[in-house]
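Following: one structure in structure tokens, then a few remarks.
Number of protein chains: 2
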Amino acid sequence: MPRLVDHEVRRKQITSATRRVITASGLEAVTFQTVAAEAGFSVRLVQYYFGTKQEFLLATHRSVMEDAGARFARRWSDLGEDAEPREAVKAVLTELLPLDDQRREEAIVLGAFAAAAITGQGITTEETLAAPRALVTLVAHQLARAEPSLPSRTNHELDAELILVAAGGITQGMIQGHYTAKSATALVDHLLDRVLGPDTRT
Amino acid sequence: MPRLVDHEVRRKQITSATRRVITASGLEAVTFQTVAAEAGFSVRLVQYYFGTKQEFLLATHRSVMEDAGARFARRWSDLGEDAEPREAVKAVLTELLPLDDQRREEAIVLGAFAAAAITGQGITTEETLAAPRALVTLVAHQLARAEPSLPSRTNHELDAELILVAAGGITQGMIQGHYTAKSATALVDHLLDRVLGPDTRT
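Protein chains in written order, with our numbering: chain E, 1 to 202; chain Y, 1 to 202.
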């Protein structure tokens with residue numbers, strides 16, 4: 001079904017163009033005109049695929065979550081079940097931090113949607129809550145593996161929240177230019193030291 | 001000099017109106033028209049005080065930093081020099097978190113400026129860097145008081161970075177509705193437990 005594939009490719013080209021417009025000029029710069037120009041399409045073609053601006057914004061948000069989710073799943077699968085808990089948690093955080101251009105674009109786009117949601121525009125926060133909750137559960141599980149002796153799960157959940165909220169702050173600091181990849185990674189290592197104890201592996 | 005006071009009151013009314021427009025509808029909603037309407041002034045009056053939109057955006061940013069700084073200084077002075085380090089650090093974080101309407105408005109406005117700076121609009125990040133650096137130094141100093149036995153200042157600086165970056169993530173989580181005042185406070189306490197050790201006071 002070559003037509004169907006064409007459609008998917010076109011939709012992807014439009015959402016990718018939308019990401020680039022957001023990254024370069026912010027969410028408020030997104031219009032049918034700017035996205036069509038960035039994609040090299042006519043406005044009518046973009047309108048054929050997405051009837052409203054809200055529709056292609058939602059599709060763009062979904063595409064970022066899917067790309068990040070797929071990359072995350074690959075990394076997780078590469079690690080295997082026997083990975084050290086510290087290594088596993090660090091892999092989670094490394095996939096979240098904007099350490100390359102793609103992750104930087106994702107972080108800026110998601111940050112722009114989050115900022116818009118605060119003032120009631122665009123995507124509601126409910127749609128972005130499921131993925132962070134799943135990450136908290138996943139990190140808490142790794143912490144429980146690392147510290148099986150702790151009496152209750154409460155601390156693992158709180159530690160996982162703390163790790164992910166700090167990662168969110170580091171991400172913001174990186175895209176605002178306060179942290180380099182190096183200083184951000186040092187801060188992640190220090191965070192893991194504080195939660196899991198110093199890294200004692202040789 | 002009543003004229004001079006009038007001018008200051010007017011400028012304050014305009015920057016306060018700008019804050020409310022940003023909080024309600026985002027930075028992209030800010031125009032001479034919307035700010036004048038919010039302040040109950042004519043567009044010409046706003047233009048009399050601020051020649052360009054950039055000028056009253058800069059003044060608004062400055063007013064938020066000044067208000068937060070003044071409130072912070074009062075809190076710090078109330079604490080006194082003999083405050084427990086943990087109490088002092090918690091006071092710093094409590095002033096930063098959006099736990100009431102004013103601090104919520106400040107956090108949303110500063111977040112909007114930070115997001116705009118990423119895509120090259122408005123305020124550059126350099127202007128917002130001085131205050132966080134001062135806070136890192138201040139928190140590191142308190143951590144050094146709490147743990148004088150540690151051999152070097154390196155860990156205090158990294159711990160202070162970690163505390164402030166986590167506080168930034170918690171602030172974002174609060175204004176996005178992921179955390180309540182209660183769950184945010186629990187996370188701050190847990191953060192302090194992880195950095196300073198459990199709170200052993202009765």
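C-beta: ideal position from N, C-alpha, C; glycine also.
Chain-ordered, the chain Y residues with CB closer than 8 Å to the CB of E:Ala115 read Gly26, Gly111, Ala112, Ala115. Taking 8 Å as the threshold, the shortest C-beta distance from Y:Ala144 to chain E does not fall below it. Using a Cβ-Cβ distance cut-off of 8 Å, the stretch 15 to 26 of chain E and the stretch 34 to 48 of chain E are in contact, since at least three pairs of beta carbons, one from each stretch, lie closer than that value. At a cut-off of 8 Å between beta-carbon atoms, E:Gly169 makes contact with chain Y. For Y:Glu66, the number of other beta carbons within 10 angstroms of its own is below 16, and it is reported as exposed. Between the alpha carbons of Y:His61 and Y:Ala184 lies a gap of roughly 25 Å. When C-beta atoms of the stretch 44 to 54 of chain E are compared with those of the stretch 44 to 57 of chain Y, fewer than three pairs fall below 8 Å, so the two segments do not count as touching. Taking a beta-carbon distance threshold of 8 Å, Y:Gly173 counts as an interface residue toward chain E. Distance between E:Leu143 and E:Ala160, taken at the CA atoms: about 8 Å. Under the Cβ distance rule, E:Ile14 does not count among the residues neighbouring chain Y, no pair being separated by less than 8 Å. Nearest neighbour of Y:Phe41 by Cα position, chosen from Y:Lys90, Y:Leu58, Y:Lys12, Y:Ala68, turns out to be Y:Lys12. Ranked by Cα distance from Y:Gly69, the options Y:Thr52, Y:Arg103, Y:Gln54, Y:Glu38 are led by Y:Arg103. Annotated as proximal: Y:Thr171 and Y:Leu97, with beta-carbon spacing under 8 Å. Within a 10 Å sphere around the beta-carbon of E:Val9 sit fewer than 16 other beta-carbons, which makes this residue exposed. The CB of Y:Glu161 comes closer than 7 Å to the CB of Leu187 in chain E, given here in chain order. With its beta carbon less than 8 Å from one in chain E, Y:Leu191 belongs to the interface. Interface with chain Y (8 Å Cβ-Cβ cutoff): E:Thr60 is excluded.
Within chain E, not a single residue places a beta-carbon under 9 Å from that of Y:Val139; the smallest gap is close to 14 Å. Within 9 Å of the CB of Y:Gln47, no CB atom of chain E is found; the nearest one sits about 22 Å away. With fewer than 16 other Cβ atoms from the protein chains shown falling within 10 Å of its own Cβ, Y:Gly80 counts as exposed.
Its chain contains Val139, Gln142 as the residues whose beta carbon lies nearer than 6 Å to that of Y:Val89, once the 5 sequence neighbours on both sides are disregarded; these appear in chain order. Less than 8 Å separates the beta-carbon of Y:Leu110 from that of Y:Val64. Distance from the CA of E:Ala116 to the CA of Y:Asp82, rounded to the nearest whole angstrom, comes to 43 Å. Among the residues facing chain E, Y:Ala166 is included, as its CB has a counterpart in that chain under 8 Å away.
Under a 10 Å Cβ-count criterion, Y:Glu87 is classified as exposed, with fewer than 16 other Cβ atoms of the shown protein chains found around its own Cβ. Our two residues, E:Ala167 and Y:Leu99, have alpha carbons roughly 22 Å apart in a direct line. For E:Arg19, no CB of chain Y lies under 8 Å from its own CB, so it is not counted at the interface with that chain. Residue ranges of uninterrupted alpha helix (DSSP H) with 4 or more members, entirely inside the stretch 157 to 199 of chain E and ordered along the chain, are 181 to 196. When E:Glu84, E:Asp193, E:Val92 are compared, the shortest CA-CA separation from E:Trp76 is found for E:Val92. Flagged as an interface residue toward chain E: Y:Thr23, by a C-beta distance shorter than 8 Å. Boundaries for E:Leu99: no alpha helix (DSSP H) harbours it, and the DSSP string shows neither H nor E there.
At a beta-carbon threshold of 8 Å, the residues of chain E lying near Y:Leu158 are Ala186, Leu187, His190, ordered along the chain. Apart from sequence neighbours up to five positions away, no residue of its chain approaches Y:Thr137 with a beta-carbon distance below 7 Å. In the structure shown, Y:Phe41 adopts coil according to DSSP, grouped into three states.
For the pair Y:Arg194 and E:Arg194, the CB atoms are nearer than the 8 Å cut-off.
Neighbours of Y:Val195 in chain E, taken as residues whose beta carbon is under 8 Å from its own, are Arg194 in chain order.
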